[in-house]
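Numbering (my numbering), first residue to last: -17 to 220. Beta carbons are placed, not taken as given, at the ideal position from N, Cα and C, and that holds for glycine. First up is the structure itself, then whatever we jot down about it.
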């Protein structure tokens, strides 16, 4: 998630929509007062290679606030606790952002996010969770443990879209370039590949989901599907 006072925009980061790629790329143009939230370690390495780091997303942690576990980690492994208490975080909702920054900035800054075909996103989330947890689960378990409609509450407030522009994962480069052109950001068409190793299967989502799972996602994501006109696409093997 980014709040850029330099370019007057708010990037609301949704799940499994290449948000980290967009965030890392846009981080290169941020000013010292802009808010940039942390990403996972491996992706943070990509950003740190350019000398760019998360900033202004929280408040410093005092020594007195270290827990017993923090002290043990510090003594045994030299592992320091997180340097900040996060106020802003990567998938923070639009409503929470608005409440934190206030109506004036919220209403005057350009706000945007990205969405993705819900069926494709559910399969992506499935493989990402396996890679993250190193535990093999079924697709049914993944759908039950991870709400397929988790993004809709991020970019809406009271059921209404709260951002000014919704880009599509399916049109990622073009939409990112369009956003940057509007904001006068000197975007160079660079979007790093992040989390790209988590999806082991290259099969189309229609070859992975069964009829019950297809309908479950359709029902859970009905509002988003209707709003953006997403359809279930069936791939026919020749």
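Buried or exposed for residue 120, please, with buried defined as at least 16 other CB atoms from any protein chain shown within 10 angstroms of its CB. Against the chain shown, residue 120 aligns to sequence position 138. Under this definition residue 120 is an exposed residue.
Classify residue 220 as buried or exposed, calling it buried when 16 or more other Cβ atoms lie within 10 Å of its own Cβ. In the chain shown, the residue the question calls residue 220 occupies position 238. Note that residue 220 has pLDDT 49, beneath the 50 cutoff, so the model's placement of it is unreliable and the number below is only indicative. Exposed, by the Cβ-count rule.
Whole-angstrom distance between residue 50 and residue 15, CA atom to CA atom: Walking along the chain shown from the start, residue 15 turns up at place 33. Walking along the chain shown from the start, residue 50 turns up at place 68. About 33 Å.
How long is the line joining the alpha carbons of residue 84 and residue 216, rounded to whole angstroms? Working through the chain shown from its first residue, we reach residue 84 at position 102. Working through the chain shown from its first residue, we reach residue 216 at position 234. Cα to Cα, the separation comes out at about 45 Å.
Put residue 221 into one of helix, strand or coil per three-state DSSP. The structure shown does not extend to residue 221, since the chain is modelled only from -17 through 220, so no value can be given for it.
Please say whether residue 151 and residue 210 have beta carbons closer to each other than 8 Å? In the chain shown, counting from the first residue as 1, residue 210 sits at position 228. In the chain shown, counting from the first residue as 1, residue 151 sits at position 169. No. Outside cutoff.
What is the rounded straight-line gap between the Cα of residue 11 and the Cα of residue 2? The sequence position of residue 11 within the chain shown is 29, counting from 1. The sequence position of residue 2 within the chain shown is 20, counting from 1. Taking the straight line joining both Cα atoms gives about 15 Å.
Any alpha helix (DSSP H) of 4 or more consecutive residues that is wholly inside the region 99 to 165: 100 to 115, 121 to 127, 134 to 137, 154 to 165
Tell me which residue opens and which closes the beta strand (DSSP E) that residue 93 is part of. Sequence index remark: in the chain shown, residue 93 carries index 111 (1-based). That run of the beta strand (DSSP E) goes 92 to 97.
Would you kindly work out how many angstroms separate the C-alpha atoms of residue 161 and residue 207, rounded to a whole number? For the purposes of this step, residue 161 is taken as residue 179 along the chain shown, with counting starting at 1. For the purposes of this step, residue 207 is taken as residue 225 along the chain shown, with counting starting at 1. Roughly 23 Å between the two C-alpha positions.
With distance defined between alpha-carbon atoms, name the residue in 35, 148, 129, 192 nearest to residue 202. The residue given as residue 202 occupies position 220 in the chain shown. Minimum Cα distance to residue 202 is reached at 129.
According to DSSP, is residue 84 part of a helix, a strand, or is it coil? Reading the chain shown from its first residue, position 102 is the one you call residue 84. Coil at residue 84, not helix or strand.
Pull up the DSSP beta-bridge partners for residue -9, would you. For this step, residue -9 is matched to residue 9 along the chain shown. -14, 92.
Contact check, residue -3 vs residue 107, beta carbons under 8 Å: On the chain shown, position 15 is the one that residue -3 refers to. On the chain shown, position 125 is the one that residue 107 refers to. Taking 8 Å as the Cβ cut-off, residue -3 and residue 107 qualify as a contacting pair.
Assuming residue -15 and residue 9 are in contact, meaning their beta carbons sit under 8 Å apart, how far apart are those beta carbons, in whole angstroms? Counted from its first residue, the chain shown places residue -15 at position 3. Counted from its first residue, the chain shown places residue 9 at position 27. Contact flag wrong, Cβ pair sits at about 12 Å.
What residues are listed by DSSP as bridge partners for residue 41? Here residue 41 is taken as the residue at index 59 of the chain shown, counted from 1. 67, per the DSSP bridge assignment.
What is the residue span of the alpha helix (DSSP H) that residue 195 lies within? Residue 195 sits at position 213 when you count from the first residue of the chain shown. Per DSSP, residue 195 belongs to the alpha helix (DSSP H) from 193 to 202.
Evaluate the contact criterion for the region 131 to 144 versus the region 71 to 82: three or more CB pairs, one atom per stretch, below 8 Å. The answer is yes - the region 71 to 82 touches the region 131 to 144, with three or more Cβ pairs under 8 Å.
Taking all protein chains shown into account, do 16 or more other C-beta atoms lie within 10 angstroms of the C-beta of residue 101, making it buried, or fewer, making it exposed? As a first step, residue 101 is located in the chain shown; it is residue number 119 there, counting from the start. Flag for residue 101 reads buried.
Classification of residue 125 by the beta-carbon crowding that lies within 10 angstroms, buried from 16 upward: In the chain shown, counting from the first residue as 1, residue 125 sits at position 143. So residue 125 counts as buried.
Straight-line Cα distance separating residue 166 from residue -13: As a position in the chain shown, residue -13 is number 5, starting the count at 1. As a position in the chain shown, residue 166 is number 184, starting the count at 1. Spanning the two alpha carbons is a distance of roughly 13 Å.
Grab me the residues of residue 155's own chain with a C-beta within less than 8 Å of its C-beta, minus the 5 sequence neighbours each way, in chain order. For this step, residue 155 is matched to residue 173 along the chain shown. Closer than 8 Å at the Cβ level, and outside the excluded window around residue 155, lie 171, 173.
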